Amino acid sequence: MDAAIWLYIALAIFVVGLIIAIVGVVMLISGIKEPVKKMKGSASNLKERVDKLNLEATTLSHHANELKEDLQMKTEKVNTLIDAGKGTVNSVIDLNASVRAITSNISLRVDHDKQSVAQVNQYSNTAMGFLDFIKTQISSETINSTYTPTSVADEGQLPKNY
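What follows is the structure, encoded as structure tokens:
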């Protein structure tokens with residue numbers, strides 16, 4: 010056998026192997042085609058879900074920022090209210106101190122001015138006596154008053170439109 014025959018036989022084996030390889034690759038590609046379509050569909054499905062998740066995350070972030078701003082605004086209002094409450098407490102304390110000072114000043118003046126105290130007591134006793142006198146006068150007038158009935162003739166003296 011000649012080397013040329015061996016070359017033709019090797020070439021034929023190579024061509025048959027190449028045809029078998031091409032047929033195998035075509036069968037592999039046609040067999041993979043359906044799973045690749047499913048993977049592509051799954052990938053696009055997954056992409057849609059990721060887009061929806063991104064949209065929801067953005068919406069949640071927006072709501073969280075709104076809540077944060079609302080919380081800051083309410084915190085400022087509460088702080089203002091607390092400051093006003095502290096100011097009110099300070100005002101009440103100042104008012105209480107002023108009332109104490111005035112009361113102690115009046116007490117001090119009353120203690121120092123005994124003559125005025127005696128005069129006030131005298132005026133009070135006189136006023137109480139006057140009130141008792143008026144009460145006795147009113148009660149004595151009530152006891153002395155009597156009922157005097159009117160006669161039928163007196164009733165005729167009443168005006169017509171009465």
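The C-terminal position of the sequence shown is numbered 171 in my numbering, with every residue numbered one higher than the one before it.
Cβ atoms here follow ideal geometry from the backbone N, Cα and C, with glycine treated the same way.
Given the structure is predicted, the values throughout are model-derived calculations rather than measurements.
The alpha-carbon separation between arginine 118 and phenylalanine 142 amounts to approximately 33 Å. Here the C-alpha atom of alanine 19 lies approximately 25 Å from the C-alpha atom of methionine 36. Collapsing the DSSP output to three states places aspartate 141 in a helix. Straight across, the Cα-Cα distance linking alanine 136 with serine 125 is about 16 Å. The three-state secondary structure of aspartate 103, taken from DSSP, is helix. When rounded, the separation of the alpha-carbon atoms in glycine 40 and asparagine 63 is 35 Å.
Each residue's CA atom was taken as its position, placing asparagine 88 and aspartate 60 some 42 Å apart.
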